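The structure under discussion appears below in the form of C-alpha cells.
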Amino acid sequence: MKILSIEGGGTTLKVTLVRNGEVLQRATFSKGTNLSAISEKQLEETIAEVAGWSGEVDEIRAAFSGAGSEERKKILLAVLNKCFPNAKIRIFTDAEAALWACYEGKPVTVVIAGTGSIVMGIDSSKNIFRAGGWGHLFDDEGGGFSIVCKLIRQALNYRDELIDYDPIFDQLLSFYGAKKIEDLVELQRYNDFKQKIASFTKHMKLTPLSKKIIEEEIEVLAKRTFHIISKVNSKKLYVHGGMFSMDYFYQNFADHFKNIETRKIERDIDLLLAVKSHFLLGSY
C-alpha cells in the first residue's frame with residue numbers, strides 16, 4: 001500500500017511517501033496551503049504539483065493549518081479528490097495531526113504553541129478533548145501572537161507615559177523598522193498581520209517585561225494543559241510549535257509538569273503520520 005502524508009502550513013508544505021511502512025521519498029514545497037491566505041485555485045495548483053511528484057497513491061493523510069471548519073475541510077477534500085481520484089483520504093487539522101502522531105495506544109496530551117496555541121488529549125477509549133485554540137481575538141495564550149500583542153500594548157502604554165521603560169520597546173522598533181512606538185499600530189493593516197506580529201518571538205530578547213509576559217501566558221496555557229491531562233488521565237505530555245524552541249519558554253512551561261513525562265515532538269508530523277498504523281490513527 002502506497003501512502004502519501006501531507007503537512008501543510010502557512011508558507012510550506014511537507015510531504016512523505018511510504019510503501020508498506022518504508023519511506024520512499026520526502027520533499028518540501030515552498031508554498032502555503034492555509035485557505036485564510038490563498039485561493040482555492042492556488043491550493044489546487046499546489047496539490048496538483050504534489051500529485052505530479054508522488055504519482056498515484058492508495059491513501060492520503062493530510063494535515064492542514066486553518067482546516068478547522070467543515071466548510072474548509074470540504075474544499076480541501078474536493079481538491080484532494082480531484083488530484084487523487086482513487087485514494088482514500090483523511091484530513092486533519094494541524095493540532096489533530098500532532099495528537100494522532102503521538103498516540104501509541106495509551107492516553108496522551110499534546111500542547112501546540114506557535115502563532116496561536118491549543119491543548120488536545122486522547123483517552124483510553126480514543127475520545128478526544130480540547131482546550132483553547134479559539135482564535136486570536138478570544139484566546140491563544142502562550143502563542144507568539146498573543147505574547148507580542150501584549151508587548152506592543154505595553155510599548156504603547158510607555159509611549160503614553162503610563163509605565164516605565166523596558167529595553168524590549170527598542171527591539172520592537174528595530175525589528176519592525178518603526179521610528180516611533182505609535183508606528184507599530186500599522187502592523188494591523190497587513191493581511192498576514194498575525195504572522196508578522198508573531199514572528200518577533202524568534203528574535204525576542206529576554207527582558208524583565210518579556211519574561212513577565214511569557215510567564216503570565218504560560219500560566220494560562222499550563223492551566224488548560226492540566227485540565228486536559230486530568231480529563232484523559234495521560235502520563236505523557238508532548239509539546240510542539242515555535243514557542244517551544246525558545247529555551248526560556250520551554251523550561252518555564254515544563255517546570256509546571258515535573259511529575260509528567262514531557263517531550264518535544266522532534267520529528268516532522270508528515271513523517272510520523274505516514275508510518276502510523278491504521279489502528280493508531282483513529283477511524284476513517
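Just so we're aligned: 227 in the UniProt record's numbering is position 227 of the sequence shown, and the numbers increase by one with no gaps anywhere.
Where a beta carbon is used, it is the ideal one built from N, C-alpha and C, also for glycine.
The structure displayed is predicted, hence computed values, not measured ones.
How big is the Cα-Cα spacing for residue i and residue j?
{"i": "Ala62", "j": "Asn157", "result": "44 Å"}
{"i": "Phe129", "j": "Leu173", "result": "40 Å"}
{"i": "residue 285", "j": "Ile3", "result": "Lying before the first or after the last residue shown, residue 285 is absent from the chain, which here runs from 1 to 284."}
{"i": "Asp139", "j": "Trp53", "result": "38 Å"}
{"i": "Gly121", "j": "Gly105", "result": "12 Å"}
{"i": "Leu80", "j": "Glu44", "result": "8 Å"}
{"i": "Asp270", "j": "Ser65", "result": "13 Å"}
{"i": "Ala254", "j": "Phe244", "result": "10 Å"}
Below 8 Å between beta carbons: does that hold for residue i and residue j?
{"i": "Ala131", "j": "Arg224", "result": "yes"}
{"i": "Cys83", "j": "Ile118", "result": "no"}
{"i": "His256", "j": "Val110", "result": "no"}
{"i": "Asp58", "j": "Lys88", "result": "yes"}
{"i": "residue 304", "j": "Tyr176", "result": "Residue 304 falls outside the range modelled here, since the chain spans only 1 to 284, and no answer is possible."}
{"i": "Ile213", "j": "Leu162", "result": "no"}
{"i": "Glu7", "j": "Phe29", "result": "no"}
{"i": "Pro107", "j": "Ser234", "result": "yes"}
{"i": "residue 287", "j": "Lys211", "result": "Absent from the structure is residue 287, since the part of the chain shown begins at 1 and ends at 284."}
{"i": "Lys194", "j": "Thr115", "result": "yes"}
{"i": "Thr12", "j": "Ser5", "result": "no"}
{"i": "Ala198", "j": "Gly133", "result": "no"}
Would you say residue i touches the ligand MG, meaning its beta carbon is less than 7 Å from a heavy atom?
{"i": "Glu215", "result": "For the structure depicted, the ligand MG is absent and the ligand set is empty, with no information on it obtainable."}
Could you tell me if residue i is buried or exposed, where buried requires 16 or more neighbouring beta carbons within 10 angstroms of its beta carbon?
{"i": "Tyr165", "result": "exposed"}
{"i": "Ser251", "result": "Residue 251 is actually Gln in this sequence, not Ser. Label assigned to Gln251: exposed."}
{"i": "Ser41", "result": "Sequence check: residue 41 is Lys here, not Ser. Counting Cβ neighbours within 10 Å, Lys41 comes out exposed, since fewer than 16 surround it."}
{"i": "Arg90", "result": "buried"}
{"i": "Glu1", "result": "The sequence given here places Met at residue 1; Glu does not occur at that position. Exposed, by the Cβ-count rule."}
{"i": "Lys276", "result": "buried"}
{"i": "Val232", "result": "buried"}
{"i": "Leu137", "result": "exposed"}
{"i": "Asp247", "result": "exposed"}
{"i": "Tyr284", "result": "With a pLDDT of 45 at Tyr284, under the threshold of 50, the modelled position of this residue cannot be trusted, and the question is left open."}
{"i": "Lys202", "result": "exposed"}
{"i": "Asn34", "result": "buried"}
Requested in this report: Any chance you could list the beta strand (DSSP E) runs of at least 3 consecutive residues sitting entirely within the stretch 111 to 146, in chain order?
Outcome: Qualifying beta strand (DSSP E) stretches, in chain order: 117 to 122 and 128 to 131.
Quick check for students: name the residue ranges of the alpha helix (DSSP H) that lie wholly in the stretch 184 to 234, counting only runs of 4 or more.
Scanning the stretch 184 to 234 for uninterrupted alpha helix (DSSP H) segments of 4 residues or longer gives 193 to 198 and 208 to 232, listed from N- to C-terminal end.
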